[in-house]
Amino acid sequence: MSALAPEERPPSPGEPPSPLPAGARYFCTVGRGLEPFLTREVGARLAATEVEYVSGKVFFTTNCGLTMLKQLKSAERLFLLLKKQPPLFISSRSKGKVFNEIQRLVTGDPLCWVRAVSIWRSLLELEENLPPEVAKPSKRKTGENENIITKKLKIEQTRVMPGDTECQLQKQKNDKIEEHKDLTTEKENFQEEKSENDGEKEVEHHQGKLTFRVSCRCSGTIAKTFTTEEVGRVIGIALIKQFGWKADLRNPSLEIFIHLNDIYSVVGIPVFRLPLASRDYIKVAGLRSTIAWTIASLAEINVGAVVLDPMCGLGTILLEAAKEWPNASYLGADVSDSQLLGACDNLKSAGLMDRIELFKFCVTELPLHSESVDVIISDVPFGKKFKLGKDIKSILHEMERVLCVGGTIVLLLSEDLHKYLQDYKESNITWNSSKDNTNEFKIVKYVNAEEKNRIQENVSPSFQDDRQEWLDKRPLFGTLVQMECHKVSLGRTEAFISKYKKIHDSELQQPS
Amino acid sequence: MRAQAGMKLLTHNLLSSHVRGVGPRGFPLRIQATEIRVSPVDFNPDFVTRMIPKMEWTALVEAAESLGHLSELPRQLKEGYEKDEDFLRKVHHVLLEVEVVEGTLQCPESGRLFPISRGIPNMLLSDDEATS
Numbered sequence: 001m002s003a004l005a006p007e008e009r010p011p012s013p014g015e016p017p018s019p020l021p022a023g024a025r026y027f028c029t030v031g032r033g034l035e036p037f038l039t040r041e042v043g044a045r046l047a048a049t050e051v052e053y054v055s056g057k058v059f060f061t062t063n064c065g066l067t068m069l070k071q072l073k074s075a076e077r078l079f080l081l082l083k084k085q086p087p088l089f090i091s092s093r094s095k096g097k098v099f100n101e102i103q104r105l106v107t108g109d110p111l112c113w114v115r116a117v118s119i120w121r122s123l124l125e126l127e128e129n130l131p132p133e134v135a136k137p138s139k140r141k142t143g144e145n146e147n148i149i150t151k152k153l154k155i156e157q158t159r160v161m162p163g164d165t166e167c168q169l170q171k172q173k174n175d176k177i178e179e180h181k182d183l184t185t186e187k188e189n190f191q192e193e194k195s196e197n198d199g200e201k202e203v204e205h206h207q208g209k210l211t212f213r214v215s216c217r218c219s220g221t222i223a224k225t226f227t228t229e230e231v232g233r234v235i236g237i238a239l240i241k242q243f244g245w246k247a248d249l250r251n252p253s254l255e256i257f258i259h260l261n262d263i264y265s266v267v268g269i270p271v272f273r274l275p276l277a278s279r280d281y282i283k284v285a286g287l288r289s290t291i292a293w294t295i296a297s298l299a300e301i302n303v304g305a306v307v308l309d310p311m312c313g314l315g316t317i318l319l320e321a322a323k324e325w326p327n328a329s330y331l332g333a334d335v336s337d338s339q340l341l342g343a344c345d346n347l348k349s350a351g352l353m354d355r356i357e358l359f360k361f362c363v364t365e366l367p368l369h370s371e372s373v374d375v376i377i378s379d380v381p382f383g384k385k386f387k388l389g390k391d392i393k394s395i396l397h398e399m400e401r402v403l404c405v406g407g408t409i410v411l412l413l414s415e416d417l418h419k420y421l422q423d424y425k426e427s428n429i430t431w432n433s434s435k436d437n438t439n440e441f442k443i444v445k446y447v448n449a450e451e452k453n454r455i456q457e458n459v460s461p462s463f464q465d466d467r468q469e470w471l472d473k474r475p476l477f478g479t480l481v482q483m484e485c486h487k488v489s490l491g492r493t494e495a496f497i498s499k500y501k502k503i504h505d506s507e508l509q510q511p512s
Numbered sequence: 001m002r003a004q005a006g007m008k009l010l011t012h013n014l015l016s017s018h019v020r021g022v023g024p025r026g027f028p029l030r031i032q033a034t035e036i037r038v039s040p041v042d043f044n045p046d047f048v049t050r051m052i053p054k055m056e057w058t059a060l061v062e063a064a065e066s067l068g069h070l071s072e073l074p075r076q077l078k079e080g081y082e083k084d085e086d087f088l089r090k091v092h093h094v095l096l097e098v099e100v101v102e103g104t105l106q107c108p109e110s111g112r113l114f115p116i117s118r119g120i121p122n123m124l125l126s127d128d129e130a131t132s
């Protein structure tokens with residue numbers, strides 16, 4: 001796997017030392033399908049230990065500070081872990097008994113809460129001492145707020161999964177949106193508050209009465225009997241009684257996040273105001289930033305690589321790639337003027353105009369030499385624009401042509417496209433193999449030039465399993481071999497991140 | 001806000017006309033620039049060293065010359081250039097710091113013109129012109 005920019009190092013001179021030498025335990029929410037990538041990322045970037053994951057969440061311990069934590073690219077949101085325990089026992093018990101158990105999340109171990117809040121406070125104090133670009137949400141021009149708010153709304157909406165009732169106490173979502181509006185339209189007041197002296201003010205505020213808000217998510221068995229409001233209320237009241245905190249739904253200093261389902265009960269404190277997935281360097285995201293980064297991370301972008309996105313849209317994948325792997329040459333192309341204009345805007349906001357160049361051309365007619373590109377990364381349009389069949393083949397044909405031998409392609413494919421390509425691959429083989437009298441298939445060898453390993457798949461007569469393996473290694477298309485494929489969630493729909501490599505003609509053996 | 005960026009000579013070196021029937025004679029595209037921009041880019045010797053073998057050297061020199069930015073580049077690559085920092089810096093300048101913001105690219109075989117507008121070359125072909 002190509003190295004991430006090495007981030008696991010002791011704090012550099014300009015960076016404040018971590019207040020937690022022993023480390024703290026965190027968890028991230030993560031889009032379904034991206035868990036393995038985030039798991040790998042926390043290890044590489046944060047030297048994380050005790051890493052484990054369940055669907056939608058990755059837990060880990062690290063002593064890295066906020067600057068490093070903020071670098072996480074495949075995560076949705078980051079939380080300080082307060083509690084993680086087995087799911088609440090619901091079954092045939094009375095509602096009252098279950099409420100008691102929910103209460104015990106607070107009263108059962110108050111020290112745990114005190115400790116977590118104290119860690120949270122020290123992290124926060126540190127954040128206030130950080131330079132403005134890191135600590136504060138990005139300053140956006142007032143004119144563009146509406147688009148951003150609508151887009152955030154859309155993203156929030158698409159993230160609600162079926163059977164999941166996510167509901168914060170008293171329409172917190174609306175509060176969040178209003179809060180967002182407050183942030184942007186009342187920029188003047190906000191900036192006044194965040195003056196240099198404010199660091200001290202905020203700390204004082206925290207030492208005093210803590211204000212909090214509980215945000216609940218329930219799914220599975222518990223969601224059938226309890227509303228998230230009920231659960232939130234029980235927790236809220238327990239917190240007020242136990243610690244004397246004050247509830248504040250509009251602008252609390254502390255947020256408590258609770259997720260109860262059939263697999264676990266998790267309580268955490270969000271570390272940042274905005275989700276990690278919301279990048280301050282991306283003005284208008286096309287594809288979800290976490291998916292875009294993951295696509296780029298699979299592509300093995302080395303120094304001096306020529307990287308192409310021939311259907312770049314607003315340039316999200318190129319932005320994520322250029323930000324993480326700056327020492328490569330990035331080309332983006334699209335047929336739509338409005339998309340190119342948007343991409344241009346994005347590049348400017350991100351300060352990446354030097355790294356990424358834009359063109360107007362079509363993916364089925366690439367005006368590039370054969371074997372001139374090292375990496376192709378792209379989100380293949382899902383909708384009516386590209387019909388299945390002829391077009392995807394001409395797209396792959398052109399990509400194969402311009403790609404260097406040993407080069408990588410990573411594509412985001414809709415379920416339909418993915419299925420179509422799988423069927424195409426298999427039907428190709430069936431046709432070829434029907435010429436065979438015996439049931440023996442020839443060996444497919446390929447050499448991964450970088451690893452300098454020779455991998456051979458020997459297909460034995462007990463061929464059912466072997467045939468599947470062989471099928472998988474069989475070139476999808478010409479000299480493109482499928483390496484990996486990952487199913488990921490895009491909110492309401494699912495998609496596949498598919499990786500291919502171009503092998504040399506001579507490495508490819510046809511069944512006779 | 002920064003001014004418009006443009007097409008770099010590094011990328012120009014990868015571009016080829018794909019007008020039907022033109023084949024390999026569609027390279028290199030002749031540059032006619034009406035607006036050029038020179039802007040500093042951080043020097044990374046590793047990057048430059050790796051890029052040089054990917055370039056069509058003669059075409060690069062020609063293109064740089066046509067823009068008036070030959071910058072003492074030799075017409076032939078010499079051995080051991082990886083260690084010559086002076087040389088690498090010159091190459092860096094030509095590859096990354098000279099940008100065509102407005103102008104045209106011309107297919108040397110068919111004469112077809114591709115406009116560069118606001119730094120973005122438009123290389124879309126009509127259906128009849130295209131190869132397939």
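So the sequences go chain by chain: Y and G.
Take 1 as the starting number for the first sequence in UniProt numbering and just add one per residue.
Take 1 as the starting number for the second sequence in UniProt numbering and just add one per residue.
Just so it is clear, CB atoms sit at the ideal spot from N, CA and C, and this is done for glycine as well.
Computed from a prediction, not measured in an experiment: that's the story for all the values here.
Using the beta-carbon of each residue, which ones in chain Y are nearer than 9 Å to residue i?
{"i": "residue 43(G)", "result": "Near residue 43(G) there are no residues of chain Y at all, since even the closest Cβ is about 11 Å away, more than 9 Å."}
{"i": "residue 87(G)", "result": "None at all; the shortest Cβ gap to chain Y is about 16 Å."}
{"i": "residue 11(G)", "result": "306, 329, 331, 357, 359"}
Run through chain G and tell me which residues come within less than 7 Å of residue i, C-beta to C-beta.
{"i": "residue 513(Y)", "result": "Residue 513(Y) lies beyond the range of chain Y shown here (1 to 512); nothing can be said about it."}
{"i": "residue 362(Y)", "result": "124"}
Measuring only the C-alpha atoms, how far is residue i from residue j?
{"i": "residue 77(G)", "j": "residue 408(Y)", "result": "29 Å"}
{"i": "residue 501(Y)", "j": "residue 331(Y)", "result": "19 Å"}
{"i": "residue 309(Y)", "j": "residue 379(Y)", "result": "8 Å"}
{"i": "residue 111(G)", "j": "residue 103(G)", "result": "15 Å"}
{"i": "residue 261(Y)", "j": "residue 122(Y)", "result": "30 Å"}
{"i": "residue 54(Y)", "j": "residue 113(Y)", "result": "23 Å"}
{"i": "residue 101(G)", "j": "residue 356(Y)", "result": "14 Å"}
{"i": "residue 74(Y)", "j": "residue 41(Y)", "result": "8 Å"}
{"i": "residue 505(Y)", "j": "residue 479(Y)", "result": "7 Å"}
{"i": "residue 217(Y)", "j": "residue 414(Y)", "result": "29 Å"}
{"i": "residue 13(G)", "j": "residue 372(Y)", "result": "10 Å"}
{"i": "residue 420(Y)", "j": "residue 36(G)", "result": "46 Å"}
{"i": "residue 153(Y)", "j": "residue 58(Y)", "result": "Low per-residue confidence applies at residue 153(Y): pLDDT is 42, beneath 50, and the placement is therefore not dependable, though the value from the model is reported in the following sentence. Approximately 25 Å between the Cα atoms of the pair."}
{"i": "residue 240(Y)", "j": "residue 83(Y)", "result": "18 Å"}
{"i": "residue 86(Y)", "j": "residue 39(G)", "result": "59 Å"}
So with CB distances below 8 Å, who are the chain Y contacts of residue i?
{"i": "residue 18(G)", "result": "365, 366, 367"}
In the DSSP output, which residue or residues are listed as bridge partners for residue i?
{"i": "residue 19(G)", "result": "130(G)"}
For residue i, which option in the options has the closest C-alpha, if you only look at C-alpha atoms?
{"i": "residue 67(Y)", "options": "371(Y), 278(Y), 272(Y), 51(Y)", "result": "272(Y)"}
{"i": "residue 425(Y)", "options": "482(Y), 276(Y), 351(Y), 254(Y)", "result": "482(Y)"}
{"i": "residue 104(Y)", "options": "27(Y), 236(Y), 218(Y)", "result": "236(Y)"}
{"i": "residue 4(G)", "options": "351(Y), 51(Y), 250(Y)", "result": "351(Y)"}
{"i": "residue 72(Y)", "options": "87(Y), 279(Y), 264(Y)", "result": "279(Y)"}
{"i": "residue 77(Y)", "options": "477(Y), 285(Y), 222(Y), 38(Y)", "result": "38(Y)"}
{"i": "residue 212(Y)", "options": "226(Y), 243(Y), 221(Y), 25(Y)", "result": "243(Y)"}
{"i": "residue 127(G)", "options": "477(Y), 399(Y), 364(Y), 377(Y)", "result": "364(Y)"}
{"i": "residue 405(Y)", "options": "370(Y), 420(Y), 354(Y), 418(Y)", "result": "370(Y)"}
{"i": "residue 99(Y)", "options": "421(Y), 231(Y), 253(Y), 410(Y)", "result": "231(Y)"}
{"i": "residue 312(Y)", "options": "36(Y), 97(Y), 286(Y), 254(Y)", "result": "286(Y)"}
{"i": "residue 398(Y)", "options": "259(Y), 368(Y), 421(Y), 420(Y)", "result": "368(Y)"}
{"i": "residue 503(Y)", "options": "491(Y), 403(Y), 489(Y)", "result": "403(Y)"}
{"i": "residue 64(Y)", "options": "102(Y), 392(Y), 47(Y)", "result": "47(Y)"}
So, using beta-carbon positions, are residue i and residue j closer together than 8 Å?
{"i": "residue 343(Y)", "j": "residue 304(Y)", "result": "no"}
{"i": "residue 317(Y)", "j": "residue 295(Y)", "result": "yes"}
{"i": "residue 412(Y)", "j": "residue 299(Y)", "result": "no"}
{"i": "residue 41(G)", "j": "residue 97(G)", "result": "yes"}
{"i": "residue 522(Y)", "j": "residue 301(Y)", "result": "With chain Y running from 1 to 512 in the structure shown, residue 522(Y) is simply not present."}
{"i": "residue 33(Y)", "j": "residue 418(Y)", "result": "no"}
{"i": "residue 70(G)", "j": "residue 9(G)", "result": "no"}
{"i": "residue 106(Y)", "j": "residue 238(Y)", "result": "yes"}
{"i": "residue 120(G)", "j": "residue 358(Y)", "result": "yes"}
{"i": "residue 306(Y)", "j": "residue 374(Y)", "result": "yes"}
{"i": "residue 90(G)", "j": "residue 72(G)", "result": "yes"}
Name, please, each residue of chain G whose Cβ falls closer than 8 Å to the Cβ of residue i.
{"i": "residue 327(Y)", "result": "44, 46, 47"}
{"i": "residue 405(Y)", "result": "Simply none; closest approach about 14 Å."}
{"i": "residue 375(Y)", "result": "Chain G residues near residue 375(Y): none, gap ~13 Å exceeds 8 Å."}
Can you check whether the C-beta of residue i is within less than 8 Å of a C-beta belonging to chain C?
{"i": "residue 67(G)", "result": "You won't find chain C in this structure, because its protein chains are Y and G."}
Which bits of chain Y does residue i rub up against, with CB to CB less than 7 Å?
{"i": "residue 7(G)", "result": "357"}
For the ligand ZN, is there any heavy atom lying closer than 7 Å to the beta carbon of residue i?
{"i": "residue 296(Y)", "result": "The ligand ZN is absent from the structure shown, which contains no ligands of any kind."}
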